[in-house]
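Visitor: Numbering (this note's numbering), first residue to last: 1 to 927.
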């Protein structure tokens with residue numbers, strides 16, 4: 001059952017502050033006043049609507065008599081009036097502990113708990129007992145309604161009306177329930193009954209305003225709230241309700257004035273803080289809004305409207321994880337709330353999880369098919385997934401409902417581009433640009449589309465029109481114009497436009513970069529450098545400019561200069577992650593992992609709670625090969641970024657690198673909980689289960705993938721892998737064949753070939769491979785696999801055929817050249833040495849290539865050169881035992897028997913098994 005939203009703060013809690021301006025007037029002689037006199041003063045001030053003065057008198061009284069229960073009760077009641085529910089709850093609990101009767105305290109205390117969002121506490125403290133006062137039982141009904149337990153709430157209110165006909169609180173409760181169920185007419189009838197019995201009831205008048213506002217009758221709603229102020233001029237909540245009405249109509253100045261008035265009466269009301277946060281949010285003052293919300297949620301952490309608004313504010317601030325945390329809390333209480341679901345879907349889209357976003361949006365869209373924003377979000381999800389036809393269909397529906405919305409025409413333009421409908425794309429982008437002349441983003445997109453469509457002249461006309469609309473004050477447009485001139489090959493005009501952009505913004509990096517590219521193309525790197533340095537003189541701590549200078553220096557091979565620029569960027573911006581990341585990556589690439597680690601760890605130590613700093617440290621530790629340290633850092637990061645499936649996959653890979661398959665498997669499973677559609681996690685899970693010899697479990701996972709995504713090849717390929725592990729190649733063949741029908745890619749063909757060979761179907765395997773290569777002759781990946789398979793089978797002629805094709809297409813493929821040389825030598829083909837020499841020329845210090853050439857020249861009788869080559873290869877790769885054997889054989893042929901004997905004895909002692917062991921033992925016996 002969907003839970004209903006709690007009523008907005010009728011008054012929210014905060015610690016009350018005495019009005020110091022009134023102190024001299026009110027406290028001058030309180031020391032001589034009796035407690036009874038102070039209490040009477042407070043009551044009079046309250047009746048006159050002077051709440052702050054009443055509070056001061058009661059505090060004066062309680063300084064004299066801390067255990068005065070009547071004063072505590074009155075003070076708690078006034079705090080409720082001013083919206084300071086935390087202070088109210090504190091005073092009322094104290095009054096109860098001092099012995100006041102429950103029937104005096106509980107109606108007020110229950111209201112305080114409701115205002116604080118502590119609905120479960122109301123139910124726990126107020127028993128469902130007919131002996132309870134009607135006003136107290138009504139609070140129980142309100143709590144049930146706020147918790148979404150609508151049928152139970154209805155029962156409470158109905159029973160109250162049976163025993164107390166016309167009971168106002170029960171009538172109001174049923175009216176709220178009817179409004180929640182969208183039965184507005186019924187709600188109005190119930191409200192009319194309540195007002196007939198209590199025409200001055202403030203809760204009834206407020207509900208009347210709320211119902212009118214729900215029907216978009218804002219003028220009538222305003223009159224209802226004003227009626228409250230006529231009866232009680234210092235009513236804080238009425239001013240807040242009026243401010244919220246002004247916000248609905250974008251009347252920000254009027255809203256601020258209402259809140260200022262409310263602040264005079266209740267400066268610390270949490271309802272006021274929440275309303276101020278909403279005003280700031282609507283005006284784009286997100287940091288100010290967040291500060292107010294933090295105060296509200298510190299006092300009332302379960303106030304769901306504030307939780308929702310905090311999620312929206314954090315989303316605007318770009319803090320996706322924090323936004324998600326707030327929204328998850330809110331959706332746990334109200335899982336069908338449309339606005340919250342839209343924001344959660346937006347977060348998923350920002351993270352690239354289009355399917356997860358659609359899973360949230362589509363059920364809501366079926367309930368609200370004419371919601372333009374929902375249609376737009378669904379369209380955007382399909383657009384990001386490159387399903388342009390579906391995206392276009394949703395944008396079309398949204399555009400029908402809101403035909404003059406610029407962003408919808410822009411979205412239609414983008415989806416049309418994806419479908420290759422360039423003409424329509426340009427039409428839609430032009431329409432969007434005409435509808436929204438205030439911002440140049442859509443126009444920029446139009447210009448880029450025209451350039452892509454080779455309509456350079458039209459692109460120039462468009463950018464000039466945009467420039468005129470912006471009155472020539474936007475460096476972004478001038479930079480774009482320069483780009484159009486570059487496409488038109490008008491270099492002087494392009495340079496002039498970029499110079500104009502820099503005249504407006506001397507550190508405009510896009511224009512600087514474009515001018516630098518012109519300078520580099522003209523062989524004038526020093527001119528580019530001087531331009532960047534002039535900009536840096538105007539903004540000495542600009543890290544982006546330092547990075548650009550470092551990139552320029554690196555492109556010229558000036559490594560030390562590049563390092564100095566990056567070190568300056570970090571020195572001038574020690575708390576920024578981006579410069580530290582660039583510098584640490586530079587250190588890693590230049591073989592200084594210890595410097596990279598020191599930098600990353602220092603930055604993270606100074607920002608222990610910063611996710612970006614921790615991510616940098618983890619990344620550097622990983623790049624430096626410190627696997628355990630990287631795992632520790634990534635695990636800490638996962639405790640902050642609790643919903644990142646890719647992060648869990650990285651943790652799994654680190655566990656696996658440390659040989660810990662069990663913990664790797666747990667991390668993969670956590671990734672799947674976070675993202676059930678993450679296919680990579682399923683693939684890795686099967687691999688891990690096979691490594692743990694849990695073949696049955698691996699089979700279950702593979703078949704689950706098939707059930708979830710029957711049109712994808714992955715599930716069938718995974719089951720084939722499991723069957724191969726179980727030595728059931730004939731069954732695996734059928735799975736691979738089906739997978740290949742769904743996804744005709746080379747790796748699938750390779751798997752099928754392996755399975756056919758394992759099943760003994762050699763002819764079938766070769767026939768299918770020949771057919772594949774006939775259809776896809778340039779699939780070098782498959783040819784490389786086949787060449788390796790033929791080499792392993794000692795079918796050197798067949799291997800040579802494949803390798804020759806590979807090196808003809810990829811002349812820089814050293815591995816293929818090396819294998820070809822080896823295959824030639826096995827066939828005693830005279831091209832062997834020349835081919836190996838060609839490979840060695842490309843990679844003179846590669847031990848495998850050195851070994852191949854060394855063995856070839858050894859067999860051809862050049863023992864001296866062979867020994868030199870093989871000795872170098874053995875020194876470069878002491879772990880490759882076949883190379884060590886080849887060196888021993890060369891030493892034996894050279895006549896160096898002691899050296900050969902030592903080499904072979906060490907080799908045989910170090911390893912029990914390697915392919916040439918028998919030959920090594922036989923050779924040793926001859927020495």
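Just so you know, even glycine gets a beta-carbon here, dropped at the ideal spot from N, CA and C.
1. Please state the DSSP three-state secondary structure of residue 361.
2. Only counting the same chain, and skipping five residues up and downstream in sequence, which positions put a Cβ closer than 6 Å to that of residue 544?
3. Out of 228, 285 and 270, which one is the CA nearest neighbour of residue 252?
4. Closest to residue 689 by C-alpha separation, out of 158, 734 and 721, would be which residue?
5. Can you name, in chain order, every residue of its own chain whose Cβ lies under 7 Å from the Cβ of residue 874, other than the five neighbours on each side?
6. Count the other CB atoms, across all protein chains shown, that sit within 10 Å of the CB of residue 219; report buried if there are 16 or more and exposed otherwise.
7. Leaving out five residues before and five after residue 370 in sequence, what residues of the same chain have Cβ atoms less than 8 Å from its Cβ?
8. Kindly list the residues whose CB is nearer than 6 Å to the CB of residue 506, restricted to its own chain and excluding five residues on each side of it in sequence; keep chain order.
9. Buried or exposed, going by whether 16 or more other CB atoms sit within 10 Å of the CB of residue 693?
10. By how many angstroms is the C-alpha of residue 851 removed from the C-alpha of residue 858?
11. Determine, using beta carbons only, whether residue 114 comes closer than 8 Å to chain D.
12. With a threshold of 16 other CB atoms inside 10 Å of the CB of residue 141, please say whether the residue is buried or exposed.
13. Using only the alpha-carbon positions, how far apart do residue 687 and residue 675 sit?
14. Between residue 742 and residue 657, what straight-line distance do the alpha-carbon atoms span, to the nearest angstrom?
15. So, with DSSP's three-state summary, where would you put residue 82?
16. At what residue ranges does the region 826 to 914 contain a whole run of the alpha helix (DSSP H), taking only runs of 4 or more?
17. Whether or not the region 273 to 293 and the region 54 to 71 are in contact is what I'm after, with contact meaning three or more pairs of Cβ atoms, one per stretch, closer than 8 Å; do they touch?
18. In this structure, does DSSP put residue 64 in helix, strand or coil?
19. What residue does the alpha helix (DSSP H) around residue 736 start on, and which one ends it?
20. Taking a contact to mean a Cβ-Cβ separation below 8 Å, would you say residue 225 touches residue 247 in this structure?
21. Can the beta-carbon of residue 122 be found closer than 8 Å to that of residue 139?
22. Would you call residue 24 buried or exposed, if buried means 16 or more other Cβ atoms sit within 10 Å of its Cβ?
23. Any chance you could list the alpha helix (DSSP H) runs of at least 4 consecutive residues sitting entirely within the region 154 to 202, in chain order?
24. Any idea if residue 234 is buried or exposed, counting beta-carbon neighbours within 10 angstroms, 16 or more meaning buried?
25. Using a 10 Å radius around the Cβ and a threshold of 16 neighbouring Cβ atoms, would you call residue 557 buried or exposed?
26. Can you tell me which of 206, 496, 815 and 844 puts its alpha carbon nearest to the alpha carbon of residue 172?
27. Kindly indicate which three-state DSSP category residue 525 falls into: helix, strand or coil?
28. If you drop the 5 nearest sequence neighbours on each side, which residues of the same chain put their C-beta closer than 8 Å to that of residue 530?
29. Alpha carbon to alpha carbon, what distance is there between residue 713 and residue 476?
30. Should residue 566 and residue 582 be called a contact, given that it needs their Cβ atoms to be closer than 8 Å?
31. Report the residue from 749, 726, 296 and 397 whose alpha carbon sits nearest the alpha carbon of residue 737.
32. Taking the continuous alpha helix (DSSP H) assigned at residue 764, which residues delimit it?
33. Counting along the chain, where does the alpha helix (DSSP H) carrying residue 338 start and finish?
34. Return helix, strand or coil for residue 651, following the three-state DSSP convention.
35. Check the C-beta distance from residue 628 over to residue 616 and give it rounded, since I have them as a contact under 8 Å.
Guide: Taking the definition as stated:
1. helix
2. 509
3. 285
4. 721
5. 883, 884 and 887
6. exposed
7. 401
8. 535 and 538
9. exposed
10. 10 Å
11. Note that chain D does not occur in the displayed structure, where there is just one protein chain.
12. buried
13. 19 Å
14. 33 Å
15. helix
16. 832 to 842, 847 to 859, 863 to 876, 881 to 894 and 897 to 910
17. no
18. helix
19. 729 to 742
20. no
21. yes
22. Low per-residue confidence applies at residue 24: pLDDT is 30, beneath 50, and the placement is therefore not dependable, though the value from the model is reported in the following sentence. Per the 10 Å Cβ criterion, exposed.
23. 168 to 180 and 184 to 197
24. buried
25. exposed
26. 206
27. helix
28. none
29. 46 Å
30. yes
31. 749
32. 762 to 775
33. 338 to 350
34. helix
35. Rounded, the Cβ-Cβ distance is 18 Å, inconsistent with contact.
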